[in-house]
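Engineer: Going by our numbering, 591 is the number at position 338 of the sequence shown; the sequence numbering is gapless. Where a beta carbon is used, it is the ideal one built from N, C-alpha and C, also for glycine. Here's a structure for you.
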Amino acid sequence: MNSLNVGIIGCGNISGIYLQNIPAYRGLTLRACADMRPEVAQAQASRHGIEALTVDELLARDDIDLVVNLTVPAAHFGVSLAALTAGKHVFSEKPLAVDFEQGRRLVDEAEARGLHLGCAPDTFLGAGGRLARNLVDEGKIGHILSGTAFLMSHGMEHWHPDPEFFFKPGGGPILDMAPYYLSALVNLIGPVQRVLAMSSIGYPERIVTSESPRKGQRIAVETPTHVMSLLEFASGAQVTFCMSWDVWKHSHPAIEIYGSEGSLRVPDPNFFGGHVEITERSGDWRAVDSSEMPLGSPNWRSPNWAPEIPNKANYRALGLADLASAVLNGTPHRSSGRLGLHVLEVMHSILEGAATGQPRAITTTLERPAVLEDADAAILWKGLPETASAA
254 MNSLNVGIIG
264 CGNISGIYLQ
274 NIPAYRGLTL
284 RACADMRPEV
294 AQAQASRHGI
304 EALTVDELLA
314 RDDIDLVVNL
324 TVPAAHFGVS
334 LAALTAGKHV
344 FSEKPLAVDF
354 EQGRRLVDEA
364 EARGLHLGCA
374 PDTFLGAGGR
384 LARNLVDEGK
394 IGHILSGTAF
404 LMSHGMEHWH
414 PDPEFFFKPG
424 GGPILDMAPY
434 YLSALVNLIG
444 PVQRVLAMSS
454 IGYPERIVTS
464 ESPRKGQRIA
474 VETPTHVMSL
484 LEFASGAQVT
494 FCMSWDVWKH
504 SHPAIEIYGS
514 EGSLRVPDPN
524 FFGGHVEITE
534 RSGDWRAVDS
544 SEMPLGSPNW
554 RSPNWAPEIP
564 NKANYRALGL
574 ADLASAVLNG
584 TPHRSSGRLG
594 LHVLEVMHSI
604 LEGAATGQPR
614 AITTTLERPA
624 VLEDADAAIL
634 WKGLPETASA
644 A
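So this is what it looks like as structure tokens:
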């Protein structure tokens, strides 16, 4: 076997980039998709030349080796467990599960069955994340002492066609967006060992303003939308961590790392490329571009950007290729379920610590993910067909 046959469950907003990118990776063959709404699955299947199946049909297929779980967070556990029980490898969108104990069960189930369980985000494996990791590992900023991480916007209701789940239990900026930042930080610094936090709900109600059938509808907010935390890493580094959907505008960089010999700015961890900025001691910031590195060049355009001009590196499904290579070639599995479980525990500890006002110790631990060398990243990506859209 030189490829894993892939089936996608969940054909919503995020599925498009996976369906586009999967054929561009070695070790993956896109076969089928399924959704609880048959017409949505059929539309995506027709667009990408694959089969549309029911969820049960997809799980029963002997020719599906790897299930990609792109359902809403509340369904992640049930779908992933069903796929593992059916003998499939699984890659899940973040978070691994809504409940930490459910996430632990998924990891245990996969390991008991000898299956690979992967979890988004895989963005830290992109060129920007790899470049930052290389600079840290080369000692360019010395020993990491502290840092900051900020995700601040005014939420999802202005662009997402059906944003209600973002503001309900299992949603919020921590469970939705913190995985990108936490995975990037663990990749650079190592595991978290303790958190302190506080939280609030800035707006008790949200009004959908996206151009969609739900435009004008009101959503009652039932989960914290502004969370401040202090993360203590096993290395001793301390990082100020803020995730908020209550901010109209700000000027904080996504991630800054402060070392004994200099400082480092990490590009947006929601994407795969970008500039890394570095300064030695009190010197000027110096930008290092990752766009010439494998999986770093812009290949996707943001909404409202100039047509046909990509401005973001969006190589989602890299984690699937990483998993497939681990299965087929015995290479390290980097965006693993173990990493997803650690991130899930940190997120729940932040929310629980904010609710109780007490610090929380982290019980899971792991080594930093193995480095993905540029040559190995280049091997994984074979490129998009000429007919593929950049949107």
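Classify residue 396 as buried or exposed, calling it buried when 16 or more other Cβ atoms lie within 10 Å of its own Cβ.
Structural biologist: Residue numbering aside, residue 396 sits at position 143 when the sequence shown is read from its first letter. It is exposed - the Cβ of residue 396 has fewer than 16 other Cβ atoms within 10 Å.
Engineer: Where does residue 635 sit, in a helix, a strand or coil, going by DSSP?
Structural biologist: Counting from 1 along the sequence shown, the entry for residue 635 is found at position 382. Three-state result, residue 635: coil.
Engineer: Which term fits residue 535, buried or exposed, when burial requires 16 or more other beta carbons within 10 angstroms of its beta carbon?
Structural biologist: Translated into positions along the sequence shown, residue 535 becomes position 282. Exposed, since its Cβ has fewer than 16 Cβ neighbours within 10 Å.
Engineer: Report yes if the C-beta distance between residue 573 and residue 371 is below 9 Å; otherwise report no.
Structural biologist: To locate residue 573, count along the sequence shown from 1; it is residue 320. To locate residue 371, count along the sequence shown from 1; it is residue 118. Yes; because the gap between Cβ atoms is below 9 Å, this pair is in contact.
Engineer: Answer yes or no: do residue 378 and residue 630 have a C-beta to C-beta separation smaller than 9 Å?
Structural biologist: Taking the first residue of the sequence shown as position 1, residue 378 is located at position 125. Taking the first residue of the sequence shown as position 1, residue 630 is located at position 377. Their beta carbons are under 9 Å apart, which means residue 378 touches residue 630 by this criterion.
Engineer: Tell me whether residue 347 is buried or exposed, calling it buried when 16 or more other Cβ atoms sit within 10 Å of its Cβ.
Structural biologist: For this step, residue 347 is matched to residue 94 along the sequence shown. It counts as buried.
Engineer: Please report the straight-line C-alpha distance between residue 486 and residue 578, rounded to a whole angstrom.
Structural biologist: Within the sequence shown, the letter at position 233 stands for residue 486. Within the sequence shown, the letter at position 325 stands for residue 578. If you take the alpha carbons of residue 486 and residue 578, they lie about 30 Å apart.
Engineer: Considering only the beta carbon of each residue, do residue 313 and residue 264 sit closer than 9 Å?
Structural biologist: As a position in the sequence shown, residue 313 is number 60, starting the count at 1. As a position in the sequence shown, residue 264 is number 11, starting the count at 1. Not closer than 9 Å, so no.
Engineer: Near residue 551, what residues of its chain come up, given a Cβ to Cβ distance below 8 Å and the 5 sequence neighbours on each side ignored?
Structural biologist: Sequence index remark: in the sequence shown, residue 551 carries index 298 (1-based). The residues are 526, 544, 563, 564, 565, 566.
Engineer: Using a Cβ distance threshold of 8 Å, determine whether the stretch 359-375 contacts the stretch 466-477, with at least three qualifying pairs required.
Structural biologist: no
Engineer: Measure the C-alpha to C-alpha separation of residue 352 and residue 336 and round it to an integer number of angstroms.
Structural biologist: Counting from one through the sequence shown, the residue named residue 352 turns up at place 99. Counting from one through the sequence shown, the residue named residue 336 turns up at place 83. Cα to Cα, the separation comes out at about 18 Å.
Engineer: Would you report the Cα separation of residue 508 and residue 260, rounded to the nearest angstrom?
Structural biologist: On the sequence shown, residue 508 is found 255 positions in, with the first residue counted as 1. On the sequence shown, residue 260 is found 7 positions in, with the first residue counted as 1. Each residue's alpha carbon lies about 34 Å from the other.
Engineer: Cα separation between residue 375 and residue 327?
Structural biologist: As a position in the sequence shown, residue 375 is number 122, starting the count at 1. As a position in the sequence shown, residue 327 is number 74, starting the count at 1. Distance from the CA atom of residue 375 to the CA atom of residue 327, rounded to whole angstroms, is 21 Å.
Engineer: Around the C-beta of residue 617, are 16 or more other C-beta atoms found within 10 angstroms, so that it is buried, or is it exposed?
Structural biologist: Counting from 1 along the sequence shown, the entry for residue 617 is found at position 364. Answer is buried; the Cβ neighbour count reaches 16.
Engineer: Check whether the Cβ atoms of residue 271 and residue 311 sit closer than 9 Å, and answer yes or no.
Structural biologist: As a first step, residue 271 is located in the sequence shown; it is residue number 18 there, counting from the start. As a first step, residue 311 is located in the sequence shown; it is residue number 58 there, counting from the start. No, these two residues do not count as a Cβ contact at 9 Å.
Engineer: Touching or not, the stretch 474-494 and the stretch 441-458, by the rule of three or more beta carbon pairs under 8 Å?
Structural biologist: Short answer: they touch.
Engineer: Should residue 627 be listed as close to the ligand MN, given that the test is whether its C-beta is under 8 Å from any heavy atom?
Structural biologist: Inclusion of the ligand MN in the displayed structure is not the case, the ligand content being empty and no account of it being possible.
Engineer: Grouping DSSP H, G and I as helix and E and B as strand, with all else coil, what is residue 361?
Structural biologist: Counting from one through the sequence shown, the residue named residue 361 turns up at place 108. Here residue 361 sits in helix by DSSP.
Engineer: The alpha helix (DSSP H) spanning residue 427 covers which residue range?
Structural biologist: Locating residue 427 in the sequence shown gives position 174, where the first residue counts as 1. Counting along the chain, the alpha helix (DSSP H) containing residue 427 begins and ends at 425-442.
Engineer: From the DSSP output, in three-state form, read off residue 542 for me.
Structural biologist: Reading the sequence shown from its first residue, position 289 is the one you call residue 542. Reduced to three states, the DSSP call for residue 542 is strand.
Engineer: Which ranges does the beta strand (DSSP E) cover as unbroken runs of at least 3 residues, wholly within the stretch 479-549, from first to last along the chain?
Structural biologist: Taking only runs of at least 3 residues, the beta strand (DSSP E) segments lying wholly in the stretch 479-549 are 479-486, 491-497, 508-512, 515-519, 528-533, 539-542.
Engineer: DSSP puts residue 342 in a beta bridge; with which residues?
Structural biologist: Start at 1 with the first residue of the sequence shown, and residue 342 comes out as number 89. Paired residues: 319.
Engineer: Could you check if residue 498 is buried or exposed, using at least 16 other CB atoms within 10 Å of its CB as the buried criterion?
Structural biologist: Here residue 498 refers to the residue found at position 245 when the sequence shown is read from its first residue. Residue 498 is buried by the Cβ-count criterion.
Engineer: If you draw a straight line from the alpha carbon of residue 614 to that of residue 403, how long is it in whole angstroms?
Structural biologist: The residue given as residue 614 occupies position 361 in the sequence shown. The residue given as residue 403 occupies position 150 in the sequence shown. Linking residue 614 to residue 403 through their CA atoms gives a straight-line distance of about 22 Å.
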